[in-house]
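Below is one structure, written out as structure tokens; the observations come after it.
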Amino acid sequence: MQDKKDNFDVTVIGGGLAGMSASIHLANAGLRVLCIEADPLDKDPVGESLDWSAPDLLKALGLPTEYLLDQGIATYKRHVILKLRNGLERHYVPGEWLGKPPYNVNLRTLHVDRSELNQALREIFIGKGITLINDRVAHVETTGRVIKAVVTAQGERITSKWFIDASGSSAGLFPRTFNLPVYEYGPHKVAMWDYFTVPESIEGTTLHADGAGPPYMEWVWQIPIHPTIISVGYVTTGEAVKEKRQQGLSVGEIFAAQLQRFPDLQGFLHETGKDQPRTTSFRCRVFAKVAGPNWLVAGEAAAMVDPMTSNGVTAALRHGAEASSLIIQNRNRERLPRLAAAMYSQRVLSLARFFNSGIENVLYDWPIRNRIGAFNAGDLYTIPAWSMNVVYSRLRPQGLIKTTLLRLLLATLRYSLDAFHWFCKRTQSPPAAATAP
């Protein structure tokens, strides 16, 4: 086993959004940073429709909105559209409430080409003098809850004072090492997507769904990442994909069948079949106690939020900023203060539980959606969800008091939706299972 001879202050595991965000903030503060990234840096990332808090987080990393637009990395996102298969649609325009008192938010957010966004961040990352090695962490050396070193697959032993796990949802390195408690939401899901050329640009993120009826909702997204290029993706349960595969359907045929079900998407069918769509699987979940004496967990390694929330990019950037801030504030200490570590963990946990529980209870599962209709269910989820991200960015919770206030507010909203879901389920009969197309 070979020891890494360079003297690093912080080792960041993972070079995705959370890892790059944390590394850049740490380097800006003068800390010596090593980033370990196992996967190729040119893979296809997802998360192209950003929520209203993301632009400020990107600006803090050196990517202001104007630059992203000028470089063709992003297009404006002003609203979200829910289109049902029966032809009805509802536009969710946050300016109707967030642009007015008491919020007065400048509502500009973006659709992004994630490959190009990652490349722009990578250029900043490289320019900061951060050391990057392409390897996988195979072992974490610990003494109690303190991390002493990490050992890579190539046998390199790396020591540093601080460690951040931003290894992604599939790795979850520190959660496995310390057997962290986990909260899981909904079934395993599969997303499949591809990119299509359109004759003219469209505005807003569009979600296509059946609405009331199905016991568990499937949906298709349509996101303009360039003026003439859109991302189209289908999200369903892993069990549904397994059943269709057992019927002899290929992934491409499953994807094409979903486009066929929605009139606005049928025009893309001639482009399907040339390649298999990109796919990924996930389970929404969040770990508790994601900070220890000299380590923190960030991004999807800490919390996987459902893509319908458009909150994944914001969460990754926010985790990276807050985890790095904790280390910077305590750089002259030997350990993170227990209270500060606990408050970071509570913020990660509370937000992810709120978003995942809300989207499962209000939209995916049938009771509330069938009771009040898909459009009203959309309002019931989006208004508090979008408002909470604005409250978070305004409140900037760091210490005990603000974090406690945030937790109480999120818990109140979550328990209210839980109670309404229970009531709706008790007072109506479940729908019949939908027949797979």
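According to the numbering used here, the stretch in the sequence shown is residues 60 to 496, in order. Each residue gets a CB set at the ideal place from its N, CA and C atoms; glycine is no exception. Predicted model only: the values in this text are computed from it and were never measured.
On the three-state DSSP scale, how would you describe residue i?
| i | result |
| --- | --- |
| D172 | coil |
| W111 | coil |
| V450 | helix |
| D497 | Beyond the ends of the chain as shown, which are 60 and 496, falls residue 497; an answer cannot be given. |
| H267 | strand |
| D253 | strand |
| Q306 | coil |
| G106 | coil |
| R455 | coil |
| K248 | strand |
| I206 | strand |
| E259 | coil |
| L90 | coil |
| K142 | strand |
| A81 | helix |
| S219 | strand |
| T486 | coil |
| A491 | coil |
| A97 | coil |
| A197 | strand |
| P496 | In this predicted model, P496 has a pLDDT of only 45, less than 50, meaning its place in the structure is not dependable enough to derive any value. |
Exposed or buried, which one is residue i when buried takes at least 16 other CB atoms within 10 Å?
| i | result |
| --- | --- |
| F67 | buried |
| E381 | buried |
| L122 | buried |
| G379 | buried |
| N145 | exposed |
| Q213 | exposed |
| C483 | buried |
| L328 | exposed |
| N391 | exposed |
| P160 | exposed |
| S369 | buried |
| R204 | exposed |
| T236 | buried |
| T264 | buried |
| I185 | exposed |
Locate the beta strand (DSSP E) running through residue i, then write down its first and last residues.
| i | result |
| --- | --- |
| Q130 | Run containing Q130: none; DSSP gives neither H nor E here. |
| V294 | I288 to T296 |
| P283 | W278 to H285 |
| D68 | F67 to I72 |
| Y151 | E148 to Y151 |
Less than 9 Å between the C-beta atoms of residue i and residue j, yes or no?
| i | j | result |
| --- | --- | --- |
| L398 | L459 | yes |
| S340 | A250 | yes |
| D253 | L143 | no |
| N193 | A97 | yes |
| P456 | A347 | no |
| H170 | K136 | yes |
| L376 | A77 | yes |
| I261 | I289 | yes |
| Y275 | C343 | no |
| P56 | P273 | Nothing can be reported for residue 56, as the shown portion of the chain is limited to 60 through 496. |
| V105 | P336 | no |
| L410 | L472 | no |
| V291 | F255 | yes |
| V407 | V449 | no |
| N353 | I189 | no |
| V257 | P283 | yes |
| V69 | K187 | no |
| R195 | A208 | no |
| S108 | W280 | yes |
For the alpha helix (DSSP H) that contains residue i, what are its first and last residues?
| i | result |
| --- | --- |
| H138 | Premise fails: H138 is in no alpha helix (DSSP H) and is neither H nor E. |
| S404 | R397 to I418 |
| T190 | Segment T190 to N193 is the beta strand (DSSP E) holding T190; no alpha helix (DSSP H) there. |
| F233 | L232 to T236 |
| N429 | W425 to I431 |
Considering only heavy atoms of the ligand MG, does any lie closer than 8 Å to the CB of residue i?
| i | result |
| --- | --- |
| E298 | This structure lacks the ligand MG, and indeed carries no ligand of any kind. |
Pick out the complete beta strand (DSSP E) segments inside the stretch 369–394, 3 residues or longer, and give them in chain order.
none
What beta strand (DSSP E) runs, 3 residues minimum, are completely inside the stretch 338–365?
354–356
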